[in-house]
Structures are given as C-alpha cells and as structure tokens.
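Following: one structure in structure tokens, then a few remarks.
Number of protein chains: 2
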Amino acid sequence: MSNEAALDQNKESINIAIAGFGTVGSAVFNLLQDMSEEIERRLGESIRVVAVGARRSYPGVDFSGVQLERDVTKLALIPEVDIVLELMGGTDTAKELIIAAIANGKHVVTANKALLAEMGEEIFAAARQAGVVVAFEAAVAGGIPFIKALREGLAANRIDWLAGIINGTGNFILTEMLTGQRAFDEVLSEAQALGYAEADPTFDVEGIDAAHKLTLMAAIAFGIPLQYEKLTIEGISEVSLADIDYAEQLGFKIKHLGIAKRHENSVELRVHPTLIPKSSLLASVDGVMNAVMVQAHAVGPTLYYGAGAGGMATASAVVADVMDVVRQINLPKGSISAPLGYERVSASLPVMSKEEFLCAYYLRLSVADNTGALAKIATILSEAGIGIEAILQKETAGDHTPLVILTHLIEEASVKKAISVISQLPDVKAPIQMLRVDYLDKA
Amino acid sequence: MSNEAALDQNKESINIAIAGFGTVGSAVFNLLQDMSEEIERRLGESIRVVAVGARRSYPGVDFSGVQLERDVTKLALIPEVDIVLELMGGTDTAKELIIAAIANGKHVVTANKALLAEMGEEIFAAARQAGVVVAFEAAVAGGIPFIKALREGLAANRIDWLAGIINGTGNFILTEMLTGQRAFDEVLSEAQALGYAEADPTFDVEGIDAAHKLTLMAAIAFGIPLQYEKLTIEGISEVSLADIDYAEQLGFKIKHLGIAKRHENSVELRVHPTLIPKSSLLASVDGVMNAVMVQAHAVGPTLYYGAGAGGMATASAVVADVMDVVRQINLPKGSISAPLGYERVSASLPVMSKEEFLCAYYLRLSVADNTGALAKIATILSEAGIGIEAILQKETAGDHTPLVILTHLIEEASVKKAISVISQLPDVKAPIQMLRVDYLDKA
Numbered sequence: 005m006s007n008e009a010a011l012d013q014n015k016e017s018i019n020i021a022i023a024g025f026g027t028v029g030s031a032v033f034n035l036l037q038d039m040s041e042e043i044e045r046r047l048g049e050s051i052r053v054v055a056v057g058a059r060r061s062y063p064g065v066d067f068s069g070v071q072l073e074r075d076v077t078k079l080a081l082i083p084e085v086d087i088v089l090e091l092m093g094g095t096d097t098a099k100e101l102i103i104a105a106i107a108n109g110k111h112v113v114t115a116n117k118a119l120l121a122e123m124g125e126e127i128f129a130a131a132r133q134a135g136v137v138v139a140f141e142a143a144v145a146g147g148i149p150f151i152k153a154l155r156e157g158l159a160a161n162r163i164d165w166l167a168g169i170i171n172g173t174g175n176f177i178l179t180e181m182l183t184g185q186r187a188f189d190e191v192l193s194e195a196q197a198l199g200y201a202e203a204d205p206t207f208d209v210e211g212i213d214a215a216h217k218l219t220l221m222a223a224i225a226f227g228i229p230l231q232y233e234k235l236t237i238e239g240i241s242e243v244s245l246a247d248i249d250y251a252e253q254l255g256f257k258i259k260h261l262g263i264a265k266r267h268e269n270s271v272e273l274r275v276h277p278t279l280i281p282k283s284s285l286l287a288s289v290d291g292v293m294n295a296v297m298v299q300a301h302a303v304g305p306t307l308y309y310g311a312g313a314g315g316m317a318t319a320s321a322v323v324a325d326v327m328d329v330v331r332q333i334n335l336p337k338g339s340i341s342a343p344l345g346y347e348r349v350s351a352s353l354p355v356m357s358k359e360e361f362l363c364a365y366y367l368r369l370s371v372a373d374n375t376g377a378l379a380k381i382a383t384i385l386s387e388a389g390i391g392i393e394a395i396l397q398k399e400t401a402g403d404h405t406p407l408v409i410l411t412h413l414i415e416e417a418s419v420k421k422a423i424s425v426i427s428q429l430p431d432v433k434a435p436i437q438m439l440r441v442d443y444l445d446k447a
Numbered sequence: 005m006s007n008e009a010a011l012d013q014n015k016e017s018i019n020i021a022i023a024g025f026g027t028v029g030s031a032v033f034n035l036l037q038d039m040s041e042e043i044e045r046r047l048g049e050s051i052r053v054v055a056v057g058a059r060r061s062y063p064g065v066d067f068s069g070v071q072l073e074r075d076v077t078k079l080a081l082i083p084e085v086d087i088v089l090e091l092m093g094g095t096d097t098a099k100e101l102i103i104a105a106i107a108n109g110k111h112v113v114t115a116n117k118a119l120l121a122e123m124g125e126e127i128f129a130a131a132r133q134a135g136v137v138v139a140f141e142a143a144v145a146g147g148i149p150f151i152k153a154l155r156e157g158l159a160a161n162r163i164d165w166l167a168g169i170i171n172g173t174g175n176f177i178l179t180e181m182l183t184g185q186r187a188f189d190e191v192l193s194e195a196q197a198l199g200y201a202e203a204d205p206t207f208d209v210e211g212i213d214a215a216h217k218l219t220l221m222a223a224i225a226f227g228i229p230l231q232y233e234k235l236t237i238e239g240i241s242e243v244s245l246a247d248i249d250y251a252e253q254l255g256f257k258i259k260h261l262g263i264a265k266r267h268e269n270s271v272e273l274r275v276h277p278t279l280i281p282k283s284s285l286l287a288s289v290d291g292v293m294n295a296v297m298v299q300a301h302a303v304g305p306t307l308y309y310g311a312g313a314g315g316m317a318t319a320s321a322v323v324a325d326v327m328d329v330v331r332q333i334n335l336p337k338g339s340i341s342a343p344l345g346y347e348r349v350s351a352s353l354p355v356m357s358k359e360e361f362l363c364a365y366y367l368r369l370s371v372a373d374n375t376g377a378l379a380k381i382a383t384i385l386s387e388a389g390i391g392i393e394a395i396l397q398k399e400t401a402g403d404h405t406p407l408v409i410l411t412h413l414i415e416e417a418s419v420k421k422a423i424s425v426i427s428q429l430p431d432v433k434a435p436i437q438m439l440r441v442d443y444l445d446k447a
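One line per chain: the protein sequences are A and B, in this order.
Heads up, the final residue of the first sequence is numbered 447 in our numbering, and it's a clean run with no missing numbers.
Heads up, the final residue of the second sequence is numbered 447 in our numbering, and it's a clean run with no missing numbers.
What follows is the structure, given as structure tokens:
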C-alpha cells in the first residue's frame, strides 16, 4: 500500500493510540479487533489502532500497521491520532502523556483513577481549554457504566447520597472471610496468588483505591471539586473474622463502602468497612463484583452492579468511552461537555470532618467475665447520650467475654470519647473495635 | 417585557414544549422548575418551558410565560421551540405530533413505549432524515438510565442475553401474592385502588407493556429491527398463588420477565412469568421496582435497578434526555447518533418461534390420588426425552393430589406434546399449568 493509500484509509477511520500494553491495554487492543465490524455497524465509522506505546515488546502479538513506541509520550505527537488511550497507570508519565495529548488537540480516554483523583483538576482544565474530551468510565466501578449513569442518566436529580462497593479485591477478601471462615491474612495471600490482589496490596486493602474512585464519584454527584485529600479513609485490614461473624448474627454484612452524602451545607465523604443490613441489595454483592446504590431526589434509589475489575471488563468501559468520543468528535470545540458533568463547579459545600459524622456504630469489646462490666459500660454510654440498639454477649473465651454493642445514630466525636473512657475500665481487656453501621435508607 | 426582549431571553435558553400534562407531564414541568439552577450549572445553558399542550386547563398551575395549546400538534409549529416532549401516551395524536415536530426540525423526547415499539421504525427514519434526536430513556425501565447503559455504556460488547423485570405493576402483584398469600384478583383490585394498575389492566397483566419495552431493548442490544409483532407474550393473569408457593418451596421466585437472547443465527424474544433462583439478584427485586440483568461478552453480567414507573421517576429520565439533547444540539445534523444505537441495522437474525425455545419447565398437575399416575407421567416424559430435575408431590386435597415437576432443558414443542399426552390420562384432573424456568446463568 502506498503512503497516500494508507493515509486515505486512516482518514476514513478514527485513529487511536494505546499507551500501555498490560492487562487492560492488551484487552482493549483485542476487543477493538474482535468487535471491529460491530463497532463500525454501531458508529458508521471504523476505529483503527495506529500506534501502541509500551516499554517492552510483545512478540506474540500481530502489530502490523501499528506504529510502536518505547517512549509513550511520543504518542501525543502522531498527527493522524485522534484519541490517546492512557492505560499505563501510575501518575508521572501518565500525566505527562495526557497533558501532551491534550496540548496537541487529541481526545483522551483513561482508566487512571489515582491520577484523576489527585491531579484531575489540572487535567480537566487543560482539556476544557483545548476543547477535547477526557473520558474515564473505566476509572470507577470497572465495566459498570456508572460514570455515564451518574453524570448523564441521573442529571436531573439532586443526589442525596451514594454508597458503593467499589474495590473488587476488598470485596473478594471480605466475602471469602465470611464464606470460608478464614482470617484476613490467609485470604489476602490467596487473593494475591489468584491475581486479584497486588504484591503490595496497600491501595486495595487500606481503602486508597476506593477513595480515588469516591473522589471522582462525589465530584460528579454534587458538582464539587476533586478533593481526595479531604476524604476519611479506612481499609479492611483491621476487620477480623469475629467482626464478620458477630455482624452476621446481628443481621448485617460487613462491606467496604465508599459513601458520599450531601447535607444542606456540607458533604460527607468516607471510605471504610461498614455494617449494612443483610436484606439490602448491596449485601448480596459478593466476590470481586462491584455495585453502587444512589439515592436521588426524583428517581429514588437506583443500583448499578457488575464487574469492577479485570482486563476485559475494563476494556468494555474504555472502548465505550472511545465510542462516546467518536459521537462527539464533530461538535464545535466549545460545545464539549464538562468531564465531571458540571459547567460550573460549586465551592460552597465543605467536606465534613470525621468527628462530625452522624452514624450508628458497632463496638466490639473484650471484658473480664464480670457482670459488673456491662453495667459500667452502659452507664458511660448513657451519660454520653449514646443510645443502644442491640447488645450481643458471647460465651466466655478463656478469661474474656466478647461483648458487641450497636449504638443509635450519634456523632463520631461522642463515640470516640466514650470509647476512650470505656477503655480505661479495668474490666476491659483489649483495644475496642469500632465500625460504622449504615442502614442505607433515605435518612 | 417587549417582544424583542422575550425573544432575546428565549434565544439564550433551550426552549421546550410539553405535550400532555398528566402525571408525567406535570412532574417534568415541576422538576424543570425545581432544578432549573442546578441544570444550568450542569449544562451552562438554561432550559425554559415555553409551551404546554393539554386538552384541559390546570387552574392551580402557574403557567406565566408559557403558551398554552389545546391542540397539542400546534406545538410542533412554534418557531422558538427546540425540543418537543411527547408525554401524552396513546398512538394517534402522539405520532402525529412527533412526525410534525421532526418535520419542523425539532428534537423529540418521548416516554411512549407503545408508539415506539409499534411505529418506531417510521419515526426514527424520519428523525434520521431530518437530523434530529428522538430520545426515549423514559420508555423503558422508568427512571433507570438503562437505555443509555445498553446503547452507550455496553456498546463494546456482544450482548448474549438480557432479562428484566420491566413492568412495575406486574411485579407489585406477584410480590403481594407471595408476601400476603393472596390470590391474583384480590391483589389486582388493591393495585388498582392504589393507582399502581390502570382501570383496564390488560397492558400490564397480559405482558403487553413489557413486550413494548423488550422490543426496544432487543433492537438496541442486537442491532435488529423493532419487531413487536414477533414476540412471544404471556402475562401473569394465569399465575396462581399455588404456583408461587410451590416455586418458593423448590428454591425459586416467579417474576414476570422480558427476556432477549442472541443465538448464532436467531434471537429469542419473550415475555412471560418465569421461575428464577431465589439467590439471583433479580429475585430480590420486589414491589413496583424494576431491574434488568444483561450478560455481555466483555464485561460479563451487569444489573440496573430502580423505579420503573411513577411521575417523578419518569420525569427524571425525561429531563435527562432533554439534557442529552442539549449536549448534542450543536452537532452537525449528519452527526446525530442513531436512536437505537446502530447506524446499520441487521436483518440477518430471525426471531425464534415459541416451539423452538430451549427452556426448563415447571409443570403443575392435579392427579387422582393414585400411585400409578406418577409412573405413567414419568414414562411419558421419559419417552419424550424430557429429563426431570425435581418433583414435588403435595398432600392430597379432596380427591386430588397436586404434583409439580421441574424438567431439564428441552424444546418447548416437546413439552407441549408431552403435556397434551399427559392431559389425556384419566388420572389427570385439571388443565396442566406450564411455566418456564430460567437459571439466569451464562448458558
């Protein structure tokens, strides 16, 4: 084929460059090939991968007609490229590539939640100025088209709150602890062996990955800036099998949730293990699956469920984004919609501090087998204005009796103060476990 | 305000006309007013209702600045109107209005599933030719942004099947029958009193409303024409409380589902009461709520849950559509996306006839209290090549013994033949009830 013919062919298609050829990048490459006919039937235009950027070579892959670059940032400079897909992860090179692509008038699709949560403001501002799309469906809830639902589908609603299981690794671990009656460390090792958890699992088990996603979700839900640094973030590494079992006996499941709530003059943004009623739909979401429940003023509750991770599930979202860009590609530059769904962001909703949260709490204590202990604890709670919803006292194990208390709704500051008083009691043996309870109702 | 000033103000906003001021039309009117500031913050443009078409007057409503028309078709002729909202229902005047609006270059938003399922081809073709949008999120699954998810969010997938609870009235009735242990007729009367069911409940209880919705869903999922007339449609009026209870004992719930499956060379489109495993997410969807499960090749299973009806839930979808139109309003006319998600529709997938369905079946018979009956029935099934998954024989009631049989997967033609032979047996007393079972797995 002559250069002119090749150029002609490119002109008739939408040309994309893929940066990163790991699990997600290669899945996107394969999905685009596998579905090329169907995609053309949907769009009336074909999508061609004209360049791939990867640090190493992939001898088994047919890259014919594809320009290969070791230096991924060069993808931003290829004239015929319309859309750059950033699928490398990490924040340094990824940001450099995205900024360069935007500067060169390319649209961008990325799955990089960490980058967007932490540096999205700068990236989105650059995209707005250049009149290009930055799409990121794959950054939140994997293959579930949740960003689209929240930003467009629910756009006529005031979002009251949303709560989501948005980290598949964490949900796999909690599910396995319950069903296999195994300890956290043991299940984490298995998850690592299965490839569900990274060698360094910090992002997943300490809630950081979920917090990145919640940062993006909250900005879209409430029209507030991205403010990852203001989130309350707790992971699942302190959840014990005992907690899971006691919760079960009280009618709850423990799920790691990202929760964003709108109050009249503030927002509540938190990521932590949460007791939720067994009867709620979210409680049935097991293994590596994700789901988000949204309470919105007009439509009421809606829920979105699906695979939160995995190469093909993520590729599904990435390619959907590419197709969305194609649908907008002929818009005048000034008419491209705001990436987070708001042309004008609100600065008027401060993020609540942890101490202000109004929550119900699960407290697990280990007390000496002393009938006086419960009376003393109940008195302290009562004096602190903390109502008790339920108490579970288990058989004595050795010289300790496990005691579980569910409180009514109360400010976190009050609970923490009471915990600190209770832990001074001579009858109370171990550090007191505190988890939050959410009934996921309209309150 | 002078005419020029009024015109100027209109020029700065997107102007809409609402046809029909019943439950949905008035909810849309109120939602647009209530959310006007938020909508402007999202879009950077305001939306103004400049005209309302309704056959009667609404003295309590503040229509200042709104042109009122008794003849709704006149809304299509108002020069400053950008988008016409058809929220009347019915097919005659609604179609006339939509065709006129399209002919006058107006975009259209409608919630009218019956009209689109039966006459959508003509309407969409006219819209394509005129380069305008016809949006219809509210026509399927009420307030759940499901059309958007299926058409855009899952666009990179081959859809294997989808199954949905897409009629809230029917689901309310089935839920109440189970939880209240009441008969169909009694619950239907209550649903009518509560306003969940129409005075003439045919569309809801005979599956017609669900079939209209499935027609649209299948066209989007598979890129096939709208072909309502080829669906297999059965309602819930023949489901008895006994069936619901026996299903429960066998580990199933009976839900009225719309099911669309893609085979290699055909599609299966059917609407009927279905036994589904109690453990499936769809089985937990109760009351007037809707949900759709989609099995897609890249992302796997995803589920979408929310309110399927109600004024405000429907208005949520209608206004989201209006906002979507605004996002596309500056596209060149030739670049407006296909309403059903495919630029080129496939004619190559014929719709399977009922006899070809491969399904598991639930059979309920009433036999004389005669130990020979079961042997005879088992022989007939065995000779017809129908495997038995489970049998439930209940206590004798009077001179009859209820007998419930779950079959393995088998073609419907074979089951019907066997039923006709079995019903000739002198021991078999009443008409045999046949319901379909779907395990909602990947098969």
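Virtual Cβ for every residue (Gly too), placed ideally from N, Cα, C.
Keep in mind it's a predicted model, so treat the numbers as computed, not measured.
Spatial distance of residue i from residue j (CA atoms)
i, j, result
"D325 of chain B", "E359 of chain B", "39 Å"
"G211 of chain B", "I169 of chain B", "11 Å"
"E125 of chain B", "A417 of chain B", "32 Å"
"T375 of chain B", "E272 of chain B", "39 Å"
"Y365 of chain B", "L413 of chain B", "8 Å"
"L220 of chain A", "A121 of chain A", "6 Å"
"L518 of chain B", "D445 of chain A", "In the structure as shown, chain B starts at 5 and stops at 447, and residue 518 of chain B therefore has no counterpart that could be examined."
"P63 of chain B", "D75 of chain B", "18 Å"
"A130 of chain B", "V112 of chain B", "11 Å"
"K380 of chain A", "F176 of chain A", "39 Å"
"L353 of chain B", "A401 of chain B", "48 Å"
"G338 of chain A", "L192 of chain B", "53 Å"
"G33 of chain A", "E252 of chain B", "Looking at the sequence provided, one finds Phe at residue 33 of chain A rather than Gly. Whole-angstrom Cα-Cα distance: 46 Å."
"L47 of chain B", "L245 of chain A", "48 Å"
"A142 of chain A", "T77 of chain B", "43 Å"
"I248 of chain B", "E242 of chain B", "11 Å"
"L307 of chain B", "V322 of chain B", "21 Å"
Residue interval of the beta strand (DSSP E) (run including residue i)
i, result
"Y308 of chain A", "G304 to A311"
"A394 of chain B", "I392 to Q397"
"Q299 of chain A", "M293 to A300"
"I18 of chain A", "S17 to A23"
"Q437 of chain A", "Q437 to V441"
"I333 of chain B", "Neither: I333 of chain B is in no beta strand (DSSP E) and is coded neither H nor E."
Cut-off 6 Å between Cβ atoms - residues of its own chain near residue i, not counting five sequence neighbours on either side
i, result
"D213 of chain A", "N171 and F207"
"T114 of chain B", "E90 and F140"
"D189 of chain B", "none"
"A31 of chain A", "G315, M316 and A319"
"I151 of chain A", "E141 and V144"
Same chain, Cβ closer than 8 Å to residue i, neighbours up to 5 away in sequence not counted
i, result
"F361 of chain A", "T236, E272, R274, E415, E416 and R440"
"S370 of chain B", "H404, T405, P406, L407, V432, K433 and A434"
"I436 of chain A", "L367, R368, L369, I423, I426 and S427"
Boundaries (first-last residue) of the alpha helix (DSSP H) holding residue i
i, result
"Y250 of chain B", "L245 to Q253"
"H267 of chain B", "Per DSSP, H267 of chain B belongs to no alpha helix (DSSP H) and is neither H nor E."
"L166 of chain B", "Counting along the chain, L166 of chain B falls outside any alpha helix (DSSP H), though it belongs to the beta strand (DSSP E) covering I163 to I169."
Nonlocal neighbours in the same chain, by C-beta distance under 7 Å from residue i, ignoring five residues either side
i, result
"E49 of chain B", "S17, I18 and V330"
"Y461 of chain B", "Missing from the structure shown is residue 461 of chain B; chain B here goes from 5 to 447 and no further."
"I106 of chain A", "V112, A130, A131, A134 and V136"
>> Give the list of continuous beta strand (DSSP E) stretches no shorter than 3 residues that lie fully inside the region 51-108 of chain A.
In response: Listed in chain order, they are 71-73 and 87-90.
> Can you list, in chain order, the residues of the region 255-283 of chain A whose Cβ is nearer than 7 Å to any Cβ on chain B?
Replying inline: Near chain B, meaning a CB-to-CB distance below 7 Å, no residue of the region 255-283 of chain A qualifies.
>> So within the region 395-430 of chain B, which uninterrupted beta strand (DSSP E) runs reach at least 3 residues, ignoring any that extend past its ends?
In response: Assignment of beta strand (DSSP E) within the region 395-430 of chain B, counting only whole runs of 3 or more residues, yields 404-411 in chain order.
> Between the region 37-67 of chain A and chain B, which residues of the former have CB atoms less than 9 Å from a CB of the latter, in chain order?
Replying inline: If the cut-off is 9 Å between Cβ atoms, the region 37-67 of chain A has D38, M39, E42, I43, E44, R45, R46, L47, G48 and E49 near chain B.
> Of all the residues that make up the region 313-326 of chain B, which are near chain A by a beta-carbon distance shorter than 7 Å?
Replying inline: Only those residues of the region 313-326 of chain B whose C-beta falls short of 7 Å from the nearest C-beta of chain A are listed: M316, A317, A319, S320, V323 and A324.
> In the region 355-380 of chain B, which residues sit with their C-beta less than 9 Å from some C-beta in chain A, listed in chain order?
Replying inline: Listed by position along the chain: nothing, the set is empty.
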